[in-house]
Amino acid sequence: MHDQGNRIQRLPTLGLWVLPLVLALAIPGVGVLGSFGIVVAMLIFHRDARNAALRLWKRGPVTSLLIGLAVGVVTHFLMSALLEPALQHMLGQQVDLSQFDTVKNNLANYLVLLAIGLLFGGIVEELIFRGYIIGWGTKLLGARTGPILAVVSATVFGLAHSYQGLAGMLSTGLIGLIFGLTYLAVGRKLAPAIFAHMTINALGITELYLGHSFVAPMFTA
């Protein structure tokens, strides 16, 4: 009876933990803003959530930055040269980035999108999908659930980018999985995943501005 009572008492907490995922799924793109609001409120008022989600550094800022840069650069070039072309070939469709067409050769739009990509994409999305969902989730559900939560968060992360089409959702989901596994590999420290996300966004947005990729695809039709 005591264990059952504890499980019942935990249900509201589990509901607040999973709600950001529900919002991100229900309203792709914009729903993440609602998710962020919930996460911020929980971090302010729930000490356990705050302690789990805001563990930042892996052996200090410099090491965290170097890990993030390495993961971000390798992931970007791997996706650009191999995985995204393979996905697009198999699906018969391109990643839909048409909403970013105004960035090409437009410095002002480039700088605005870069700021959004670094701050919102790099910090906010990593706080939600890795720090909150995986970090706090492993505290609530047990450390062994880490890989499962990495897959769950990556799946929702990909679906939240449905505006990029099926190829874009799968590509983004794969990148999200890499972020999640990186987060787990460094002992659930958030900064390396943040820096990795920032690096990928910076490279991708710069490619949009320049109008071409830094690398030629290894997989061709």
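If you read the sequence shown in the numbering used here, its first letter stands for residue -19, the second for the next number, and so on.
By construction, the Cβ of each residue, glycine as well, lies at the ideal position given by its N, Cα and C atoms.
In whole angstroms, give me the CA-to-CA distance for residue i and residue j.
i, j, result
"residue 156", "residue 84", "25 Å"
"residue 53", "residue -6", "35 Å"
"residue -14", "residue 122", "The predicted model places residue -14 with a pLDDT of 45, which falls under 50 and marks its position as unreliable; any figure quoted below should be read in that light. Cα to Cα, the separation comes out at about 15 Å."
"residue 127", "residue 161", "7 Å"
"residue 38", "residue 154", "23 Å"
"residue 4", "residue 101", "14 Å"
"residue 188", "residue -8", "43 Å"
"residue 98", "residue 170", "15 Å"
"residue 59", "residue 151", "8 Å"
"residue 96", "residue 0", "20 Å"
"residue 111", "residue 44", "15 Å"
"residue 65", "residue 149", "14 Å"
"residue 71", "residue 145", "10 Å"
"residue 109", "residue 30", "14 Å"
"residue 184", "residue 194", "9 Å"
"residue 41", "residue 77", "33 Å"
"residue 28", "residue 34", "10 Å"
"residue 81", "residue 75", "13 Å"
Assuming residue i and residue j are in contact, meaning their beta carbons sit under 8 Å apart, how far apart are those beta carbons, in whole angstroms?
i, j, result
"residue 204", "residue 48", "There is no way to answer for residue 204, as the model of the chain reaches only from -19 to 201."
"residue 140", "residue 12", "6 Å"
"residue 107", "residue 19", "6 Å"
"residue 143", "residue 79", "7 Å"
"residue 103", "residue 133", "Rounded, the Cβ-Cβ distance is 16 Å, inconsistent with contact."
"residue 129", "residue 117", "5 Å"
"residue 32", "residue 119", "4 Å"
State the start and end residues of the unbroken alpha helix (DSSP H) segment that holds residue i.
i, result
"residue 168", "No alpha helix (DSSP H) holds residue 168; DSSP gives it neither H nor E."
"residue 90", "87 to 96"
"residue 41", "41 to 58"
"residue 135", "126 to 139"
"residue 24", "11 to 25"
"residue 82", "First-last for residue 82: undefined, no H or E at that position."
"residue 121", "117 to 121"
By DSSP, does residue i sit in helix, in strand, or in coil?
i, result
"residue 35", "coil"
"residue 69", "helix"
"residue 177", "helix"
"residue 8", "coil"
"residue 74", "coil"
"residue 191", "coil"
I want to check one thing, is the minimum distance from the CB of residue i to the heavy atoms of the ligand ZN below 7 Å?
i, result
"residue 148", "Here there are no bound small molecules, and the ligand ZN is not part of this structure."
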